[in-house]
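Asks:
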Amino acid sequence: MMAHEMPDWSTLYSEQPVEELPWFHEALDPDLERALEEWPPPGPVFLDLGTGPGTQAIELSRRGFDVIGADISRAAIEQASHRAAVEDASLAFIQDDILNSKLQGPFDAILDRGCFHIFDENDRVAYVHAVARLLPRNGLLYLKCFSSDQPGDDGPYRFSRDEIAEAFHPAFELLAADATVYHAVRRPMPQALFCVLQRR
1 MMAHEMPDWS TLYSEQPVEE LPWFHEALDP DLERALEEWP PPGPVFLDLG
51 TGPGTQAIEL SRRGFDVIGA DISRAAIEQA SHRAAVEDAS LAFIQDDILN
101 SKLQGPFDAI LDRGCFHIFD ENDRVAYVHA VARLLPRNGL LYLKCFSSDQ
151 PGDDGPYRFS RDEIAEAFHP AFELLAADAT VYHAVRRPMP QALFCVLQRR
């Protein structure tokens with residue numbers, strides 16, 4: 001696969017167990033858990049953007065949030081819905097493309113654990129407009145992306161703190177950007193940034 005070339009998501013979720021996907025992590029990411037304590041959202045309504053297998057959305061719902069999980073892949077949504085039913089979790093999953101989103105909002109908070117960093121520069125502008133539309137003033141975006149400290153150029157784009165701040169200006173204020181890793185199947189775990197951005 002060429003640098004930054006992304007797979008066909010529906011094929012990916014249809015052809016192998018989600019537990020084997022490089023980003024699968026059943027528990028709530030520890031960096032998200034810390035951020036929820038330090039930077040709690042202004043309300044309970046949460047969007048898990050690019051929910052994939054739905055693990056983070058399910059864990060958020062268990063913590064009392066009113067969660068919708070969205071993903072461009074119908075196969076991912078089907079798998080996430082099945083997982084939620086098996087685990088008796090109460091939340092909704094819908095198919096949606098954030099770059100042409102039909103979501104209405106507003107959401108008090110959005111989690112993005114892997115969408116933003118797959119987009120090229122032009123699509124990033126559309127992405128920022130989309131998430132800004134879905135969040136009210138003071139709403140929070142919890143954003144996890146590949147860090148500029150991650151070696152190589154395969155897979156997602158890499159970002160520094162300053163690049164994140166610039167990409168989301170002026171619609172968002174960057175409150176925090178902490179070095180972390182993707183807690184997942186892939187080894188070694190990729191270097192990441194966990195950012196908290198507030199809608200202005």
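In terms of full-length UniProt numbering, the sequence shown opens at residue 1 and continues consecutively.
All residues carry an ideal CB built from backbone N, CA and C; glycine is no exception.
Below 8 Å, can you find three or more Cβ-Cβ pairs linking the stretch 165 to 175 to the stretch 120 to 140?
Replies: Touching, yes, given that three or more Cβ pairs across the two stretches are closer than 8 Å.
Asks: Tell whether a beta-carbon distance below 7 Å holds between Q95 and R63.
Replies: Cβ distance not < 7 Å, so Q95 and R63 don't count as in contact.
Asks: Less than 7 Å between C-beta atoms, sequence neighbours within five positions excluded: which residues of the same chain meet that for P30?
Replies: H183, listed in sequence order.
Asks: Alpha carbon to alpha carbon, what distance is there between W39 and S160?
Replies: The straight-line gap from Cα to Cα measures roughly 21 Å.
Asks: For the alpha helix (DSSP H) holding Y157, just list the boundary residues, first then last.
Replies: Here Y157 belongs to no alpha helix (DSSP H), and DSSP marks it neither H nor E.
Asks: From L197 to V45, what does the alpha carbon distance come to, in whole angstroms?
Replies: One C-alpha to the other measures close to 16 Å.
Asks: Is it buried or exposed, K144, if we count other Cβ atoms within 10 angstroms and call 16 or more buried?
Replies: Buried, by the Cβ-count rule.
Asks: Report yes if the C-beta distance between D108 and P41 is below 7 Å; otherwise report no.
Replies: It is a contact, given that the beta carbons lie within the stated cut-off.
Asks: What span of residues does the alpha helix (DSSP H) with V86 cover, start to end?
Replies: It spans 74 to 86 - the alpha helix (DSSP H) in which V86 sits, taken as one unbroken run.
Asks: With a threshold of 16 other CB atoms inside 10 Å of the CB of E87, please say whether the residue is buried or exposed.
Replies: Exposed, because fewer than 16 other Cβ atoms sit within 10 Å of the Cβ of E87.
Asks: In terms of residues, what are the limits of the alpha helix (DSSP H) holding I58?
Replies: Element bounds for I58: 55 to 62.
Asks: I need the straight-line Cα distance from S148 to A179, nearest angstrom please.
Replies: Going by the C-alpha atoms only, they are around 10 Å apart.
Asks: Whose C-alpha, out of S90, D48, E59, Q104, is nearest the C-alpha of F116?
Replies: Answer by Cα proximity: D48.
Asks: What does E26 pair with, by DSSP beta-bridge criteria?
Replies: Beta-bridge pairing links E26 to no other residue.
Asks: Starting from E173, trace the alpha helix (DSSP H) both ways and give me its first and last residue.
Replies: Here E173 belongs to no alpha helix (DSSP H); instead the beta strand (DSSP E) covers 172 to 181.
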